[in-house]
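Visitor: Would you mind keeping the following structure in view while I ask a few things?
Number of protein chains: 2
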Amino acid sequence: MTTRPERGSELKSFGFQLSRYFPFLDWLLHYRSQDLSGDMTAGVIAAILLVPQSMAYALLAGLPAQVGLYASILPLILYALLGTSRVLSVGPVAIVSLLIATGIGKLVPLTDPAYLMLAMVLALLVGLLQMGMGLARFGFVANFLSHAVVSGFISASALIIGLGQLKHLMGLKLPSTESFVALLGAITHHLPETNWVTFAIGLGSMGFLIYAQQFLGKVLKRYGLPANWIVPIVRGGPLLVVIGCTLLVWGLRLDQIAQVKIIGAVPAGLPSLTLPGFDTKILSDLLPTALIISLVGFVESIAVAKSLASKRRQKIDANQELIGLGAANLGAAFTGGFPVTGGVSRSVVNFAAGANTGLASLITAFLIALTLIFLTPLFYFLPQTTLAATIIVAVMGLLDVKTFQQMWHYDKADAFSLLVTFLAVLGIGVEMGIIVGVMTSLLLYLWRTSRPHIAVVGRVGDTEQFRNVLRHSVKTYPHVMVVRVDESLYFANTKYLEDFLRQAIADHPDIRHLLLICSAINFIDASALETLETLRDELQTAGVNFYLAEVKGPVMDRLQKIGFVNRWGSDRIS
Amino acid sequence: MTTRPERGSELKSFGFQLSRYFPFLDWLLHYRSQDLSGDMTAGVIAAILLVPQSMAYALLAGLPAQVGLYASILPLILYALLGTSRVLSVGPVAIVSLLIATGIGKLVPLTDPAYLMLAMVLALLVGLLQMGMGLARFGFVANFLSHAVVSGFISASALIIGLGQLKHLMGLKLPSTESFVALLGAITHHLPETNWVTFAIGLGSMGFLIYAQQFLGKVLKRYGLPANWIVPIVRGGPLLVVIGCTLLVWGLRLDQIAQVKIIGAVPAGLPSLTLPGFDTKILSDLLPTALIISLVGFVESIAVAKSLASKRRQKIDANQELIGLGAANLGAAFTGGFPVTGGVSRSVVNFAAGANTGLASLITAFLIALTLIFLTPLFYFLPQTTLAATIIVAVMGLLDVKTFQQMWHYDKADAFSLLVTFLAVLGIGVEMGIIVGVMTSLLLYLWRTSRPHIAVVGRVGDTEQFRNVLRHSVKTYPHVMVVRVDESLYFANTKYLEDFLRQAIADHPDIRHLLLICSAINFIDASALETLETLRDELQTAGVNFYLAEVKGPVMDRLQKIGFVNRWGSDRIS
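Written as structure tokens, this is what we have:
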């Protein structure tokens, strides 16, 4: 990427450098007027969605409702300035809230006044970790979370979240518990204590939300409503439910008559800039949770950012994304919020509603700020069961059986690590569950490479090509055995190859020449090298010549360097 | 290996089956008289070596001297019957004794009467684990201990053992400690308390042992002694030192005059058959240590067994070896012994002294039994410093700098995991050290495969061969980019490839066709498959056609199975 410098190119190159670190310059400096209407519509719709969602996810994380709104202003602005996706909707998301609840819940009870402070410290840690990883160009570590592990983790988390909200939906008062099984038991046990009025409102909310999601659009279309009206109404489903249920509880005073639990007073006004206080003990206690949130949040977020960007041929830079998300979390930490990331479904809505640039997110943030200043009194009678219904309907979409079926069909090992992650998250908790999942997927990969595919091959006609004798009609010779191993050689699989070759030689006493085709060997580690040399010596005494063929360039270079080629005999290696 | 059954072949095949599980039938049923003299000489020499060594390693493990002798009778017999190596010298070894001392030392102090019982339970567990792994054909797990890790572990263990014996050599009374650094500090601190008479005897013993090992053979040869006399004398070095020092201490009453520590009364008589008593708590406490001893003992043992067997073109079966070693450990458990394995240097001596069959080990066991019945009173005045000298000289040979140098030259990753293991064993202890080493080697492998070698290739003349454009003079075309990735595609490296391809396309706007050569791809996991499909869609919208070429048979089969080939376009994949 070095170009001959021309007059003016330095300035341009400086602009290029600058927009690499401040991606918003790209769209702001060349803002096109035709993008404005889409950005405004999307900004409004995302705000309509975000108001109930952010409050619901704050409650899910064990925090007061307004904290969700606090986490939906500055984080959005910072991500819009520093993130590379133009349409990602950053803010509170369900999975991260679950991780927050379990991570902090291990340290202090929900009722502890330190709980909120810990959530802010957690956001600070997540922000620092993500920023640090981004600056150190460590984005690749997220690659070790395989698709199978993420899928199993999200499905299990969705179940835990859904079940956890069931008690709010039914108006049950249960102690919080992390384990899926314990939760299931507690709910079953306390079933008779259900508050039926609460449950009816919750079920009604769920019913309307599902109806709005699945059918309302078609119905409105049939009634001839213009398309640009339909989208806001359909996407406004959660807000409509919130307004409807609030009016219902307020009108009938259901909070007093039927003990329907309501949100109560939500403090009005913007969050003040605060510095979360902490000591090193708290930092080290929260570090594992922060690490998991940093990675899981990043993986979820970048997946949706990439998939949406590719639809418009825009590019997402993984390390810059980490910086953008890190800045968003630092913003949350300093404005009384809690960890945030890019939400999958909300980003899709933002994109579909016409968001073209980060301006949409800036508009959303502005509307959330207005809500905090003027509208919080309206949430007083909002029943908690309605927010629970919002969460349940949202996480229902995260349950993903299809991926498991596809993997089961294509690759049992992937399906297995998905299943292990799923069960481990349900059985032993979200944090340990994902660690078990990652370990399983890595061990399965090692297991797979430790038993490489090895084929006895023959010559195709008179060509220089060799193919598997079991798959192709090829020429073989009585004194020559040609074997191809389809894996790099390293300590965990070299004995496997050795045993295969020993057995092959023992089964064919006529063999005088053994040729190992190395075209699929991308490296040979020191253990494998030693095994090869030992085997060569043994075969030599047994009267069998051992040749290495089609050794790749980089592998050959290293073998040359240590004199292996000379020791082996340069006529026996090519 | 299915052969057409002929008359009589069933009996032969039954014999073949039987000797697979009882390998001694192979040599016993066809015993050749010319093998007898070699077996007898080797049996005697191994016994001469084993008497002092087994007592020394028992003391090293924190056990009374006779326990070492107990562990050198039945285990040898059982291995000779069930193991596949004909020359492996099973019994107490230094590294395993160190692992025993640290593993049991964590649970009870040296002086606890339960210590001996725990050693027997440990032998029982090791025996069951090895036998179980052998029967389940799980021998391959030992492959995950890379040569680098084993080398670093053994070198560090040798240092710890040597330093640990220094206090006995100098007659210091120090509390036992696992950490190398703590030990070094304690010895330095107590230096003035050195018992100089003890130290002199120890240094003298060491001097003689090194002299015998390095020079005595040449000297005797120069004096014209026949070769079959020289070997027993040289190999008898340890026994000569033991006899000499015992006479010295006894003659001058150095134990009373100079407080030289002696072995004292060694109970006479064969061990009785005992069942070690235990409860589940003890079993679970000892399990990690047992697991490490099982694997480390097996890896050390099979390495020397294979290398010696290959010199005579005999075969070692890893799983049957586990059964043989497991039986030996069960034998130790039931006769008051402690965990054993095949010793490296002793096996080499056994081999060099002419051992042809397992009969040599049976003779050794018989001589150890005779020693226990008749000779134990002679060990009363044996000074402990002499045994310490024996151990120090033996483990000096285990310090291996050469392997590190070679690996450093060939492969920094291997050298790094060797170094990490070495330092971790010294710094945090033998058990955690080897675990850290294994984790490091596996992570380095994953790291390596997560950043595969990717080459832009061009066509060689008009052939169907493609080579790296940076290494060869090849043809390229302006609208076509051909890329070869030298690694299987899985979750940890698929994003790396994706980024490479995206960047390549972005750098060359003329490209209309992207061809990925898959000849080095041995499998594609579900995550990678998804990435490929997403990338294909993106490239499509960007006007670039994405082709897969030279897909291997097994990979193609699986892609066919899930309909990937049809989705991709069968004209674009080959």
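Just so you know, the sequences run in chain order L and R.
Under my numbering, the first residue of the first sequence is numbered 1251, with each subsequent residue one higher.
Under my numbering, the first residue of the second sequence is numbered 1251, with each subsequent residue one higher.
Note that the Cβ used here is the ideal one computed from N, Cα and C, for glycine as well.
Write down every uninterrupted run of the beta strand (DSSP E) in the stretch 1692-1730 of chain R whose length is 3 residues or greater and which is fully enclosed by it, in chain order.
Guide: With a minimum length of 3 residues, the continuous beta strand (DSSP E) runs that stay inside the stretch 1692-1730 of chain R are 1704-1709, 1716-1718.
Visitor: Hey, would you say LEU1668/L sits closer than 8 Å to GLY1402/L, going by beta carbons?
Guide: In contact: LEU1668/L and GLY1402/L (Cβ atoms closer than 8 Å).
Visitor: Going by DSSP, which residues form a beta bridge with PRO1846/R?
Guide: Any question about residue 1846/R goes unanswered here, given that chain R covers just 1251 to 1824.
Visitor: Residues in its own chain within less than 8 Å of PHE1716/R by CB, not counting five upstream and five downstream?
Guide: VAL1707, GLY1708, ARG1709, VAL1710, VAL1724, VAL1732, ARG1734, ILE1767.
Visitor: For chain R, check one thing: does any of its Cβ atoms lie closer than 8 Å to the Cβ of PRO1804/L?
Guide: True, the Cβ-Cβ gap to chain R drops below 8 Å.
Visitor: Could you compute how far the alpha carbon of GLY1487/R sits from the alpha carbon of LYS1468/R?
Guide: If I take the Cα positions, the gap works out to 14 Å.
Visitor: Grouping DSSP H, G and I as helix and E and B as strand, with all else coil, what is VAL1734/R?
Guide: Before going on, a small fix: residue 1734/R reads as Arg here, not Val. Strand at ARG1734/R.
Visitor: Roughly how many whole angstroms lie between the Cα atoms of PHE1616/R and LEU1331/R?
Guide: So the alpha carbons of these two residues sit roughly 15 Å apart.
Visitor: What does ALA1799/R pair with, by DSSP beta-bridge criteria?
Guide: ILE1767/R, per the DSSP bridge assignment.
Visitor: Please confirm whether SER1650/L has its beta-carbon closer than 8 Å to some beta-carbon of chain R.
Guide: One detail in the question is off: residue 1650/L reads as Asp in this sequence, not Ser. Taking Cβ atoms only, chain R never reaches closer than 8 Å to ASP1650/L, which makes this a no.
Visitor: On a Cα-Cα basis, can you pick out the residue from GLY1793/L, ASP1807/L, ASP1787/L, LYS1802/L that is closest to TRP1818/L?
Guide: Nearest of GLY1793/L, ASP1807/L, ASP1787/L, LYS1802/L to TRP1818/L, Cα basis: ASP1787/L.
Visitor: Counting only Cβ-Cβ distances shorter than 7 Å, please list the residues of the stretch 1724-1740 of chain R near chain L, keeping chain order.
Guide: Going along the stretch 1724-1740 of chain R in chain order, one finds ASP1736, GLU1737, TYR1740 with a Cβ nearer than 7 Å to chain L.
Visitor: Do GLY1412/L and THR1444/L have their C-beta atoms within less than 8 Å of each other?
Guide: Their beta carbons are not under 8 Å apart, which means GLY1412/L does not touch THR1444/L by this criterion.
Visitor: Which class does SER1339/R belong to by DSSP, given the choice of helix, strand or coil?
Guide: In the structure shown, SER1339/R sits in a strand (DSSP, three-state: E or B).
Visitor: Starting from GLY1592/R, trace the alpha helix (DSSP H) both ways and give me its first and last residue.
Guide: No alpha helix (DSSP H) contains GLY1592/R, which is instead part of the beta strand (DSSP E) from 1591-1593.
Visitor: Which residue from ASP1807/L, ALA1344/L, ASP1760/L puts its Cα closest to that of ALA1406/L?
Guide: Ranking the options by Cα distance to ALA1406/L, first place goes to ALA1344/L.
Visitor: Give the range of the alpha helix (DSSP H) segment to which ALA1436/R is assigned.
Guide: ALA1436/R -> alpha helix (DSSP H) spans 1430-1439.
Visitor: Assign VAL1400/L to one of two classes, buried (16 or more other C-beta atoms within 10 Å of its C-beta) or exposed (fewer than that).
Guide: Classification for VAL1400/L: buried.
Visitor: Could you pull the DSSP bridge partners for LEU1739/R from this structure?
Guide: DSSP output for LEU1739/R lists ILE1774/R as bridge partner(s).
Visitor: Does GLU1780/L get closer than 8 Å to chain R when you measure Cβ to Cβ?
Guide: Closer than 8 Å to some Cβ of chain R, the Cβ of GLU1780/L qualifies, so yes.
Visitor: For GLY1527/R, verify whether its CB is less than 7 Å away from any heavy atom of the ligand GDP.
Guide: As for the ligand GDP, it is missing from this structure, which has no ligand bound.
Visitor: Using a Cβ-Cβ cutoff of less than 8 Å, which residues in the same chain neighbour ASP1650/L once the five nearest sequence positions on both sides are dropped?
Guide: So the list reads SER1401, ILE1404, SER1405, once near-sequence residues are dropped.
Visitor: Nearest CA to the CA of ASP1712/L: which residue from GLN1564/L, ASN1718/L, THR1726/L?
Guide: Closest option to ASP1712/L, Cα to Cα, is THR1726/L.
Visitor: Should GLY1222/R go down as buried or exposed, given a rule of 16 or more other Cβ atoms within 10 Å for buried?
Guide: As shown, chain R starts at 1251 and ends at 1824. That puts residue 1222/R outside it, with no answer to give.
Visitor: Out of GLY1813/R, SER1824/R, PHE1814/R, which has the shortest C-alpha to C-alpha gap to GLY1803/R?
Guide: Cα-wise, what sits closest to GLY1803/R is SER1824/R.
Visitor: Starting from the Cα of VAL1688/L, find the closest Cα among ASN1393/L, ARG1721/L, TYR1329/L and give me that residue.
Guide: Minimum Cα distance to VAL1688/L is reached at ASN1393/L.
Visitor: Report yes or no: is there a C-beta of chain L within less than 8 Å of the C-beta of ASN1772/R?
Guide: Cβ-Cβ to chain L under 8 Å: yes for ASN1772/R.
Visitor: Leaving aside the five residues before and after GLU1256/L along the sequence, list all residues of the same chain whose C-beta is less than 6 Å from its C-beta, in chain order.
Guide: With a pLDDT of 43 at GLU1256/L, under the threshold of 50, the modelled position of that residue is not reliable, and the figure given next carries that caveat. Cβ within range, chain order: n/a, list empty.
Visitor: Could one say the Cβ of SER1827/R lies closer than 8 Å to chain L's Cβ atoms, at least one of them?
Guide: The requested residue 1827/R does not occur in the structure, where chain R is confined to residues 1251 to 1824.
Visitor: Shorter than 8 Å from the beta carbon of TYR1718/L to some beta carbon of chain R?
Guide: One detail in the question is off: residue 1718/L reads as Asn in this sequence, not Tyr. Chain R, which has a Cβ nearer than 8 Å to the Cβ of ASN1718/L, makes this yes.
Visitor: Do GLY1414/R and LEU1575/R have their C-beta atoms within less than 8 Å of each other?
Guide: No, these two residues do not count as a Cβ contact at 8 Å.
Visitor: Just the C-alpha distance for ASP1529/R and TYR1630/R, rounded to the nearest angstrom, thanks.
Guide: Straight-line Cα distance between these residues: approximately 36 Å.
Visitor: Rank LEU1747/R, LYS1662/R, MET1456/R by C-alpha distance to the C-alpha of LEU1646/R and give the top, closest one.
Guide: The question names Leu, but residue 1646/R in the sequence shown is Met. Ranking LEU1747/R, LYS1662/R, MET1456/R by Cα distance to MET1646/R puts MET1456/R first.
Visitor: Going by DSSP, what residues sit across from ILE1823/R in a beta bridge?
Guide: Answer is LEU1798/R.
Visitor: Just by C-beta distance, which residues in the stretch 1391-1417 of chain L are closer than 7 Å to chain R?
Guide: Per Cβ criterion, the list reads ASN1393, PHE1394, SER1396, HIS1397, ALA1398.
Visitor: Looking only at C-alpha atoms, which of VAL1499/L, HIS1758/L, ALA1674/L sits nearest to ALA1508/L?
Guide: Looking at the Cα atoms, VAL1499/L is the closest of the given residues.
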